[in-house]
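Residue numbers for the sequence shown follow our numbering, beginning at 3 and rising by one. Every residue, glycine too, gets a C-beta built ideally from N, C-alpha and C.
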Amino acid sequence: ISIQPAPTGMGDAIFRGHDVWSKYDAMLIVWGDQVFVSSDTLTRTLAALASPERHAVLPLTRMAVPYVEYVFDGPRLTKVLQTREGDATAPNGYSDVGTFLLGTAGLKSAWDAFLAQAPHGAATSEINFLPFLPFLSAEGWTVTPLEVADATEARGINTKADLAFFQSLYKNAP
């Protein structure tokens, strides 16, 4: 277990656990607010990692108004736009479902190289994890997008309205 003493970004939180996850070929990250990622998405994500060497799998879904948007140029992930940092996203853009699968070999050294040149977030001043993903792509890592049909999987619980949405959804479930 690792503890992040101050909220300095998800990348810092992830890499504080290096002593644990570095013992494995790959690590699956699911943000703590994501309560609706399906078992199908998790199964397909794991299956998409044919080889963990310099490989990441990103389950993505189309969102009418993405909070975060992943931009690809052919097979390359070129940027991640984040509204929380002041970026404008495109309607119906690809957004994540708070789930990421990454091979661990060379990941820490790639993170260290990223940190040497990473800008702090424009609004949050954090060193954000998401811009690390296009960095990996630029460094020759394979970044495999995995399409998720149900955009509800991208919705986390961050507000009272989010909580009410999921309470209603589960209350009305068969």
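- In the three-state scheme derived from DSSP, where H, G and I count as helix and E and B as strand, R86 is classed as helix.
- The distance from the Cβ of E55 to that of G105 is about 6 Å, consistent with a contact at the 8 Å cut-off.
- When only Cα atoms are considered, A49 and P133 end up about 24 Å apart.
- DSSP places I16 inside the alpha helix (DSSP H), whose first and last residues are M12 to F17.
- In this structure, A163 lies away from M65, with their beta-carbon atoms at least 8 Å apart.
- DSSP, reduced to helix, strand and coil, places R46 within a helical segment of the structure shown.
- Closest option to F131, judged by alpha-carbon separation, among I159, K110, Y96 and R157: K110.
- In this chain, the beta strand (DSSP E) harbouring S97 covers G95 to D98.
- Checking the DSSP bridge columns, you'll see P147 partnered with L60.
- When rounded, the separation of the alpha-carbon atoms in A58 and F116 is 16 Å.
- Here the alpha carbons of S4 and D21 stand approximately 9 Å from one another.
- Note: T154 is not bridge-paired with any residue in the DSSP secondary-structure output.
- If you check the CB distance, T45 and E128 do not come in under 8 Å.
- C-alpha of E141 to C-alpha of S41: approximately 31 Å in a straight line.
- In terms of Cβ geometry, L79 and L148 do not form a close pair [threshold 8 Å].
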